[in-house]
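Numbering (the numbering used here), first residue to last: 25 to 392.
The C-beta atom is built at its ideal place from N, Cα and C for all residues, glycine as well.
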Ligand code: MRU
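Here it is in structure tokens:
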């Protein structure tokens, strides 16, 4: 996507031909800064500390983490260590495992002298595939928005609610949940997005709002608990969220708070769609609530908030009394029965075993 008129992605290979550039998302929305990753440990840190985040981008960064490891050591031991270090960074988004397995398949059986080059080739392909998948998600999701727009009176806008950031900052480019939104906006549909702020890390307020603003998409940031109220008053036409893992049954794991939006959407007959790139499907698990590991992060993320002061400094302040216990669950699972449909690169499908296996038979058959 463009930032101030300049095309930009979230991850790239630097002009030196081997080190990896990323947008440091911890500085947004106040500063657009980049970081350079030169080692496996720096790539792992970028994922763990959320300089980059979002399921597809975690996968792409892990892929380049393997490349950086192989630049220093092409042995089997180094490859195993890279896998172990990267897989331990964040537990919930399945794109991480998917990308690491892809990288192992691309390099493992090659002579050591060929491994690094093969790794860089596969990592670049993973990035291009992400963009192509998300572009297809945009095309396939657009008719949902067009159908709502067609029912509107002249001048009325289509209101979409989204949670967290499943935009281009969560992917290599284009984004997942935002792909149909950008396409609708670019094709002249009057569209407006309610962006949940998404405590504790505020990806909606900091990242979704930033990228929608840069693209000129009208949007309003709302406190996390506002969605139900808006839906009761007919102010939300459609919910589109991203996902970090979808099970073979169609259960959807996504940023904490998504489940509550799905419940409110069901109670108010608001369609609830999930934008799903195929690497985010985990056919090896069925029951999302029982089987998906939910990341628990530092209490500090809940107990404090960061922001820009009036004189331009970035400060972090504590908002919870000293001594209060704090819990920080990163994700929740929305049962398939609450999902109106999955917007995939192969079309909009049912959130069900038949829907997923029918659209992705080659993945379902393997059940990794
Ligand atoms: O913890 P994060 O920021 O990596 O969480 C990822 C997300 O932004 C969302 O859960 C998103 O909807 C799925 S990634 C397209």
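Looking at the secondary structure, which residues open and close the beta strand (DSSP E) in which residue i lies?
i           : result
residue 25  : Element bounds for residue 25: n/a, residue is neither H nor E.
residue 279 : 276–279
residue 298 : 296–300
residue 36  : 35–37
residue 356 : 355–358
residue 45  : 44–47
residue 331 : 328–332
residue 59  : 58–61
residue 365 : 365–368
residue 182 : 182–186
residue 262 : 262–265
Going by other Cβ atoms of all chains shown within 10 Å of its Cβ, with 16 needed for buried, is residue i buried or exposed?
i           : result
residue 38  : exposed
residue 46  : buried
residue 119 : buried
residue 222 : buried
residue 89  : buried
residue 314 : exposed
residue 204 : buried
residue 121 : buried
residue 316 : buried
residue 100 : exposed
residue 139 : buried
residue 71  : buried
residue 343 : exposed
residue 341 : exposed
residue 271 : buried
residue 162 : buried
First and last residue of the alpha helix (DSSP H) that includes residue i?
i           : result
residue 213 : That residue, residue 213, is in no alpha helix (DSSP H); it is neither H nor E in DSSP.
residue 379 : 377–383
residue 76  : Note, residue 76: premise wrong, no alpha helix (DSSP H); not H, not E.
residue 282 : 282–291
residue 247 : Segment: none, residue 247 is in no alpha helix (DSSP H) and carries neither H nor E.
residue 110 : 100–111
residue 143 : 136–175
residue 371 : Per DSSP, residue 371 belongs to no alpha helix (DSSP H); it is in the beta strand (DSSP E), 371–373.
residue 313 : 312–315
residue 235 : 233–239
residue 196 : It is not in any alpha helix (DSSP H) - residue 196 carries neither H nor E in the DSSP assignment.
Measure how close the beta-carbons of residue i and residue j come, nearest whole angstrom, since I'm counting them as under 8 Å.
i           : j           : result
residue 243 : residue 206 : Actually they do not touch by this definition, with Cβ atoms about 12 Å apart.
residue 305 : residue 380 : 6 Å
residue 237 : residue 276 : About 27 Å separates the two Cβ atoms, so there is no contact after all.
residue 95  : residue 36  : Contact doesn't hold; Cβ gap of about 16 Å is too wide.
residue 366 : residue 287 : Rounded, the Cβ-Cβ distance is 18 Å, inconsistent with contact.
residue 192 : residue 34  : 7 Å
residue 150 : residue 126 : 6 Å
residue 352 : residue 323 : 6 Å
residue 310 : residue 273 : 5 Å
residue 220 : residue 188 : 7 Å
residue 117 : residue 268 : 4 Å
residue 108 : residue 166 : With 8 Å as the limit, residue 108 and residue 166 do not qualify as a contact, their Cβ atoms being about 41 Å apart.
Just to confirm, is the Cβ distance from residue i to residue j under 8 Å?
i           : j           : result
residue 241 : residue 215 : yes
residue 93  : residue 106 : yes
residue 59  : residue 75  : yes
residue 319 : residue 331 : no
residue 147 : residue 91  : yes
residue 190 : residue 371 : no
residue 256 : residue 292 : yes
residue 378 : residue 368 : no
residue 134 : residue 142 : yes
residue 201 : residue 258 : no
residue 295 : residue 364 : yes
residue 307 : residue 260 : no
Going by the C-beta, is residue i closer than 7 Å to any heavy atom of the ligand ATP?
i           : result
residue 345 : In the structure on display, the ligand ATP does not appear, and the ligands it does have are the ligand MRU.
Just checking, does the region 156–176 make contact with the region 240–256 on the three C-beta pairs under 8 Å criterion?
As far as the Cβ criterion goes, the region 156–176 does not touch the region 240–256, which means the pair count is below three.
Can we say the region 40–60 touches the region 219–236, given the rule of at least three CB pairs closer than 8 Å?
By the C-beta criterion, the region 40–60 is judged to be in contact with the region 219–236, since at least 3 inter-stretch pairs fall below 8 Å.
Taking 8 Å as the threshold, find out whether the region 352–359 comes into contact with the region 273–289 through three or more Cβ pairs.
With a cut-off of 8 Å, the region 273–289 and the region 352–359 count as touching, because enough Cβ pairs lie within range.
Check whether the region 143–160 touches the region 180–198, counting contact only when three or more Cβ pairs, one atom from each stretch, lie closer than 8 Å.
Judged by Cβ distances under 8 Å, the region 143–160 makes contact with the region 180–198, as three or more pairs qualify.
Are the region 174–182 and the region 326–342 touching, with three or more C-beta to C-beta distances below 8 Å?
Flag = no, the region 174–182 and the region 326–342 do not touch.
Is the region 53–67 close to the region 344–352, with three or more CB pairs under 8 Å?
The region 53–67 is not in contact with the region 344–352.
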